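Peer 1: Here the protein sequences come in this chain order: A and B.
For the first sequence, position 337 matches number 337 in our numbering, and the numbering has no gaps at all.
For the second sequence, position 171 matches number 535 in our numbering, and the numbering has no gaps at all.
Below is one structure. I have some questions about it.
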Amino acid sequence: MVKKITMLSIENITHSIDAWLNGTFNPTVALLLESLIVGLCVISLFALLGLVLVLMERKVSAYMQIRLGPNRVGPGGTLQTVADTLKLAMKEGLTPDGADKFLFNLAPFLVIVVAMMILAPVAFAKGTQIWDINIGVLYISAVSSLSVIGILMAGWASNNKYSLLGAMRSGAQIVSYELSAGLSVISIVVLTGSLRISDIIASQQDGWWLFKGHIPAIISFIIFIIAVTAETNRAPFDLAEAESELTAGFHTEYSGMKFALFFLAEYVNIFIVCAIAATLFLGGWMPLHIGRWEGFNRMMDYIPSSLWFTGKTFFLIFLIMWFRWTFPRLRIDQLLNLEWKYLLPISMVNLLLMTLVAIKGWYF
Amino acid sequence: MIQEAGITEQGDLVVNLGPQHPSTHGVLHLVITLNGETIKKVEPHLGYIHRSIEKMCESLSYRQFIYVTSRMDYLSSHINNHGCALCVEKGLQIEIPPRAKVIRVLMDELTRLASHQLWWGAMAMDVGALTPFFHAFRERETINDIMEETCGARLTMNYMVPGGVMADLHPNFQKRVKEFINFFRGKLGEYDELVTGNVIFKSRMKGVGYLSPESAVSYGCTGPTARGSGVSCDIRKLYPYEVYGQLQFEEVTATGGDCFARYMVRMQEMRQSLSIIEQLIDNIPEGEFQAKTKAVLKLPKGEFYSRVETARGEFGVYIISEGGTTPYRIKFRSPGFSNLSALDHMARGHKLGDLVAIMGTLDLVIPDIDR
Numbered sequence: 001m002v003k004k005i006t007m008l009s010i011e012n013i014t015h016s017i018d019a020w021l022n023g024t025f026n027p028t029v030a031l032l033l034e035s036l037i038v039g040l041c042v043i044s045l046f047a048l049l050g051l052v053l054v055l056m057e058r059k060v061s062a063y064m065q066i067r068l069g070p071n072r073v074g075p076g077g078t079l080q081t082v083a084d085t086l087k088l089a090m091k092e093g094l095t096p097d098g099a100d101k102f103l104f105n106l107a108p109f110l111v112i113v114v115a116m117m118i119l120a121p122v123a124f125a126k127g128t129q130i131w132d133i134n135i136g137v138l139y140i141s142a143v144s145s146l147s148v149i150g151i152l153m154a155g156w157a158s159n160n161k162y163s164l165l166g167a168m169r170s171g172a173q174i175v176s177y178e179l180s181a182g183l184s185v186i187s188i189v190v191l192t193g194s195l196r197i198s199d200i201i202a203s204q205q206d207g208w209w210l211f212k213g214h215i216p217a218i219i220s221f222i223i224f225i226i227a228v229t230a231e232t233n234r235a236p237f238d239l240a241e242a243e244s245e246l247t248a249g250f251h252t253e254y255s256g257m258k259f260a261l262f263f264l265a266e267y268v269n270i271f272i273v274c275a276i277a278a279t280l281f282l283g284g285w286m287p288l289h290i291g292r293w294e295g296f297n298r299m300m301d302y303i304p305s306s307l308w309f310t311g312k313t314f315f316l317i318f319l320i321m322w323f324r325w326t327f328p329r330l331r332i333d334q335l336l337n338l339e340w341k342y343l344l345p346i347s348m349v350n351l352l353l354m355t356l357v358a359i360k361g362w363y364f
Numbered sequence: 365m366i367q368e369a370g371i372t373e374q375g376d377l378v379v380n381l382g383p384q385h386p387s388t389h390g391v392l393h394l395v396i397t398l399n400g401e402t403i404k405k406v407e408p409h410l411g412y413i414h415r416s417i418e419k420m421c422e423s424l425s426y427r428q429f430i431y432v433t434s435r436m437d438y439l440s441s442h443i444n445n446h447g448c449a450l451c452v453e454k455g456l457q458i459e460i461p462p463r464a465k466v467i468r469v470l471m472d473e474l475t476r477l478a479s480h481q482l483w484w485g486a487m488a489m490d491v492g493a494l495t496p497f498f499h500a501f502r503e504r505e506t507i508n509d510i511m512e513e514t515c516g517a518r519l520t521m522n523y524m525v526p527g528g529v530m531a532d533l534h535p536n537f538q539k540r541v542k543e544f545i546n547f548f549r550g551k552l553g554e555y556d557e558l559v560t561g562n563v564i565f566k567s568r569m570k571g572v573g574y575l576s577p578e579s580a581v582s583y584g585c586t587g588p589t590a591r592g593s594g595v596s597c598d599i600r601k602l603y604p605y606e607v608y609g610q611l612q613f614e615e616v617t618a619t620g621g622d623c624f625a626r627y628m629v630r631m632q633e634m635r636q637s638l639s640i641i642e643q644l645i646d647n648i649p650e651g652e653f654q655a656k657t658k659a660v661l662k663l664p665k666g667e668f669y670s671r672v673e674t675a676r677g678e679f680g681v682y683i684i685s686e687g688g689t690t691p692y693r694i695k696f697r698s699p700g701f702s703n704l705s706a707l708d709h710m711a712r713g714h715k716l717g718d719l720v721a722i723m724g725t726l727d728l729v730i731p732d733i734d735r
């Protein structure tokens with residue numbers, strides 16, 4: 001039974017594909033083909049995530065707002081997103097008069113490409129990772145900060161004042177909140193002593209950092225969740241597209257597929273930041289292990305690692321959606337005050353505390 | 365001098381908020397001069413849905429013109445109708461039966477509740493919380509159902525006529541109103557939990573859009589907008605009409621003068637309205653619901669003015685009669701117009717996001733402003 005489960009795990013599938021390709025073709029061609037397969041996988045994952053997350057958002061919000069949500073297209077409204085995507089694909093992609101056409105058309109692709117790039121070091125299941133780079137966490141922080149360029153580009157090139165205001169807000173917001181997010185990530189790096197994602201996950205073999213790292217880990221987890229909510233422009237930090245103030249913020253002028261790309265990027269970004277939070281604080285694909293409770297730990301191992309990863313990630317996504325449908329929006333100055341006056345000093349002190357914990361070995 | 369690119373000579377950005385904009389709740393057009401995010405000037409442009417209601421009324425009989433006023437402030441159509449009916453009755457010098465008086469007050473207070481519920485949802489939506497809107501609509505729906513049973517309509521009721529009300533109460537009315545009061549008392553607590561107590565909401569509202577009592581008076585603000593600045597201006601208390609003089613209720617005022625004060629005034633007013641309805645619902649006198657009036661009404665030559673307290677403030681009706689079957693001139697004093705005039709004063713120096721919050725606390729209904 002155990003053997004059968006491991007046979008079917010994603011790790012074995014990828015390994016057998018790798019072995020077959022390398023055995024059939026010469027290494028260069030094999031690598032090329034592998035890149036192609038990975039690219040196709042990422043694109044289909046994007047499509048799937050878009051479909052699932054948009055539907056999830058609509059269902060979650062409907063549940064919170066005493067509504068039913070989409071329930072006409074497909075069983076229980078499951079195909080609603082497909083219908084919406086088809087509609088968007090068939091719509092005309094307008095480029096406003098006076099817009100900087102090159103930048104205007106480039107911006108959505110930049111945003112989506114950045115989202116795709118961040119996926120590389122994320123471990124989806126045991127041994128399933130596109131690129132286990134040795135500076136994984138640093139890579140994620142570095143690449144995720146590129147998305148602000150796309151947003152600024154969209155806001156500036158649209159030749160629309162609302163877009164410009166949205167982009168301006170977004171720039172200030174993302175640049176500020178990256179600091180807190182980065183410091184929270186570093187506090188986990190201090191504990192593990194490695195930037196490699198697989199090492200970070202392996203270090204949570206006997207318990208997740210959220211539980212092992214005492215109060216500093218909990219504080220940095222909370223700060224990380226707040227900071228990434230702000231970084232992904234989600235309510236209560238959705239100032240970049242605050243619809244009651246700026247209609248749609250930086251993507252006011254976008255329509256059709258170009259709008260769909262922004263929309264998709266938003267949801268994929270939520271998935272990614274939640275996946276990272278799950279990896280750093282909740283052990284990624286690592287099952288729930290408690291110290292030396294061998295029996296309990298073995299039982300937990302029976303649940304496939306991909307399921308653990310998905311479960312944790314989607315729990316965090318639900319949390320972020322819950323925020324959106326509960327809280328009012330902050331004002332721009334309050335938003336920046338929160339970061340520079342509260343979150344940043346707290347995370348700095350927290351990092352020192354975490355270093356102390358790591359040096360003294362106070363974690364379990 | 366505004367240049368082509370919408371930038372003033374001082375380098376400020378000029379943004380058109382509206383006429384199509386999600387947070388103007390209608391077709392209000394605000395021309396905002398922004399320095400970065402900070403507001404330097406707000407200039408409301410009106411007239412997008414001007415229907416010349418006052419002129420229209422001049423060619424309608426004294427029975428007919430009341431129905432047009434439902435279309436002005438559509439959220440308090442009962443109260444608008446009430447004000448017009450009062451003015452005509454003043455001219456005709458007819459006394460309406462006690463049952464009609466109580467029914468009118470009950471309907472007014474239900475309307476006020478429905479209006480404040482909608483405002484609460486829209487207010488929360490303006491500051492970015494979308495969920496309260498749906499909760500507010502759920503409660504408002506109950507009131508609309510009650511209205512529909514008795515008046516036959518849900519928005520433009522046209523229930524008040526000169527001399528009383530158009531039809532008697534539906535047999536279910538008392539039962540359903542009592543059910544609603546119990547239901548809504550619980551929900552008011554939920555409202556406070558979800559929005560009033562929220563830290564982000566408080567920080568968005570406190571200290572924003574300050575309106576001093578002096579400027580509230582000088583801009584002609586009335587209703588919760590002025591009462592939030594501590595100005596006592598409740599027509600129900602100061603110039604009681606119908607049975608308001610015999611009822612036990614407080615005029616809600618706050619001293620803050622900011623958005624939060626105005627918010628709290630409206631929240632407390634909902635509780636006061638509930639208490640007024642509770643006092644009356646079991647004491648509706650028996651008898652006629654309409655006084656006997658002539659088929660064709662003719663007001664004597666002269667000028668007549670009456671005022672009522674709508675959900676947004678003082679609503680005045682001024683009729684000049686030449687003795688004919690139609691008014692010579694009608695002027696409505698709508699609360700929204702005066703309240704809007706204070707917007708520029710309140711919003712200057714605040715951020716763009718605050719403007720939306722301030723507009724929310726003014727509770728603007730655009731057809732009321734444009735007429």
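Glycine included, each C-beta is placed from N, C-alpha and C at the ideal position.
Bear in mind the structure is a predicted one, so any value in this text is a computation, not a measurement.
Name the chain B residues that come within less than 9 Å of Met90 (chain A), Cβ to Cβ?
Peer 2: Within chain B, no residue comes near Met90 (chain A); the closest Cβ sits about 24 Å away, beyond 9 Å.
Peer 1: Restricting to runs no shorter than 4 residues, where is the alpha helix (DSSP H) found entirely within the stretch 526-559 of chain B?
Peer 2: Segments of the alpha helix (DSSP H) lying fully in the stretch 526-559 of chain B: 537-555.
Peer 1: Between Met153 (chain A) and Leu106 (chain A), is the Cβ-Cβ spacing less than 9 Å?
Peer 2: The answer is yes: Cβ separation under 9 Å.
Peer 1: Run down chain B in chain order and give the residues with a C-beta less than 8 Å from the C-beta of Ile66 (chain A).
Peer 2: The answer, in chain order, is Phe498, His499 and Arg502.
Peer 1: Within a Cβ cutoff of 6 Å, which residues of the same chain sit near Glu401 (chain B), ignoring the five residues on either side of it in sequence?
Peer 2: Answer for Glu401 (chain B): Lys715 and Leu716, listed in chain order.
Peer 1: How is Asn444 (chain B) classed by DSSP in three states: helix, strand or coil?
Peer 2: Helix at Asn444 (chain B).
Peer 1: Let me check understanding here. Comparing Cα to Cα, which of A:Val357, A:Leu280, A:Met299 and A:Ile270 lies closest to Phe323 (chain A)?
Peer 2: Answer by Cα proximity: A:Ile270.
Peer 1: In chain order, what residues of the same chain have a beta carbon less than 6 Å from the beta carbon of Ser705 (chain B), not counting five sequence neighbours either side?
Peer 2: For Ser705 (chain B), where only same-chain residues beyond five positions count, the Cβ hits under 6 Å are Tyr583.
Peer 1: List, in order along the chain, the chain E residues whose C-beta lies closer than 7 Å to that of Asp333 (chain A)?
Peer 2: This model lacks chain E altogether, as its protein chains are A and B.
Peer 1: Sorted by chain position, which residues of the same chain lie with C-beta nearer than 7 Å to Thr192 (chain A)'s C-beta, five sequence neighbours on each side aside?
Peer 2: So the qualifying residues of the chain are Asp199, Ile200 and Ser203.
Peer 1: Go ahead and pull the three-state DSSP assignment for Gly666 (chain B).
Peer 2: In this structure, Gly666 (chain B) counts as strand in the three-state DSSP scheme.
Peer 1: By the criterion of Cβ-Cβ separation under 9 Å, what are the contact partners of Ala493 (chain B) in chain A?
Peer 2: Neighbours of Ala493 (chain B) on chain A, chain order: Ala235, Pro236, Trp325, Thr326, Phe327, Pro328 and Arg329.
Peer 1: Report the residue ranges of all alpha helix (DSSP H) runs contained in full by the stretch 232-267 of chain A; include only those spanning at least 4 residues, in chain order.
Peer 2: With a minimum length of 4 residues, the continuous alpha helix (DSSP H) runs that stay inside the stretch 232-267 of chain A are 243-246.
Peer 1: Roughly how many angstroms separate the alpha carbons of Val38 (chain A) and Asp18 (chain A), rounded to a whole number?
Peer 2: Between Val38 (chain A) and Asp18 (chain A), the C-alpha separation is close to 12 Å.
Peer 1: Excluding the five sequence neighbours on either side, which residues of its own chain have a C-beta within less than 6 Å of the C-beta of Val629 (chain B), listed in chain order?
Peer 2: Pro588, Arg591, Gly592, Val616 and Ala618, listed in sequence order.
Peer 1: Quick check on Thr247 (chain A) - is its C-beta less than 9 Å from some C-beta in chain B?
Peer 2: So, interface residue.
Peer 1: Give me the Cα-Cα distance between Gly688 (chain B) and Ala464 (chain B), rounded to the nearest whole angstrom.
Peer 2: Roughly 27 Å between the two C-alpha positions.
Peer 1: Can you list, in chain order, the residues of its chain with a C-beta nearer than 7 Å to that of Ile684 (chain B)? Leave out the 5 residues immediately preceding and following it.
Peer 2: Once the five neighbours on either side are set aside, the close Cβ partners of Ile684 (chain B) are Glu667, Pro691, Tyr692 and Arg693.
Peer 1: Using 9 Å as the limit for Cβ to Cβ distance, is Ile722 (chain B) near chain A?
Peer 2: For Ile722 (chain B), the answer is no, since every Cβ of chain A falls outside 9 Å of its Cβ.
Peer 1: If Leu343 (chain A) and Ser180 (chain A) are in contact, beta carbons under 8 Å, what's the gap, nearest whole angstrom?
Peer 2: Correct: roughly 4 Å between the Cβ atoms.
Peer 1: Are the beta-carbon atoms of Asp732 (chain B) and Phe653 (chain B) separated by less than 9 Å?
Peer 2: Taking 9 Å as the Cβ cut-off, Asp732 (chain B) and Phe653 (chain B) do not qualify as a contacting pair.
Peer 1: Strictly under 9 Å for the Cβ-Cβ distance: is Lys126 (chain A) near chain B by that measure?
Peer 2: By this cut-off, Lys126 (chain A) is not an interface position.
Peer 1: With DSSP as the reference, label Ser194 (chain A) as helix, strand or coil.
Peer 2: Of the three classes helix, strand and coil, the one that applies to Ser194 (chain A) here is coil, per DSSP.
Peer 1: For Ile66 (chain A), count neighbouring C-beta atoms within 10 Å of its own C-beta (all shown protein chains included) and say buried if the count is 16 or more, exposed if not.
Peer 2: So Ile66 (chain A) ends up on the exposed side.
Peer 1: With 9 Å as the C-beta to C-beta threshold (strictly closer), list the residues of the stretch 381-399 of chain B near chain A in chain order.
Peer 2: Cβ contacts with chain A come from Leu381, Gln384, His385, Pro386, Ser387 and Leu398.
Peer 1: Give, in chain order, every residue of the stretch 545-571 of chain B whose Cβ lies closer than 7 Å to some Cβ of chain A.
Peer 2: Correct list: Asn562, Ile564, Phe565, Ser567 and Arg568.
Peer 1: Please classify Leu377 (chain B): does DSSP put it in a helix, a strand, or coil?
Peer 2: Strand, per DSSP.
Peer 1: Just reading off the alpha helix (DSSP H) that Phe498 (chain B) is part of, what are its end residues?
Peer 2: Its alpha helix (DSSP H) spans residues Thr495 to Cys515.
Peer 1: Mapping DSSP to helix, strand and coil, what is Leu470 (chain B)?
Peer 2: Three-state DSSP puts Leu470 (chain B) in a helix.
Peer 1: Relative to the C-alpha of Ser567 (chain B), which residue among B:Tyr627, B:Gly553, B:Asn445 and B:Glu373 is closest?
Peer 2: Comparing Cα positions, the closest option is B:Tyr627.
Peer 1: Quick one: measure Cβ to Cβ for Gln129 (chain A) and Ile43 (chain A), integer angstroms, because I've assumed they're closer than 8 Å.
Peer 2: Not really, about 18 Å apart at Cβ, beyond 8 Å.
Peer 1: Is it a yes or a no for the stretch 145-152 of chain A touching the stretch 114-121 of chain A, going by three-plus beta-carbon pairs under 8 Å?
Peer 2: Yes, the stretch 145-152 of chain A is in contact with the stretch 114-121 of chain A.
Peer 1: Would you mind listing the beta strand (DSSP E) stretches within the stretch 681-725 of chain B that are 3+ residues and don't spill past its ends, in chain order?
Peer 2: The qualifying runs are 693-697.
Peer 1: Does DSSP classify Gln428 (chain B) as helix, strand or coil?
Peer 2: Gln428 (chain B) falls in the coil class under three-state DSSP.
Peer 1: For chain A, find out if any of its Cβ atoms is closer than 9 Å to the Cβ of Ala488 (chain B); answer yes or no.
Peer 2: With 9 Å as the cut-off, Ala488 (chain B) counts as an interface residue toward chain A.
Peer 1: Could you tell me whether the stretch 295-305 of chain A touches the stretch 326-334 of chain A, using the rule of 3 or more Cβ pairs below 8 Å?
Peer 2: The stretch 295-305 of chain A, when compared against the stretch 326-334 of chain A, does not touch it at the 8 Å Cβ threshold.
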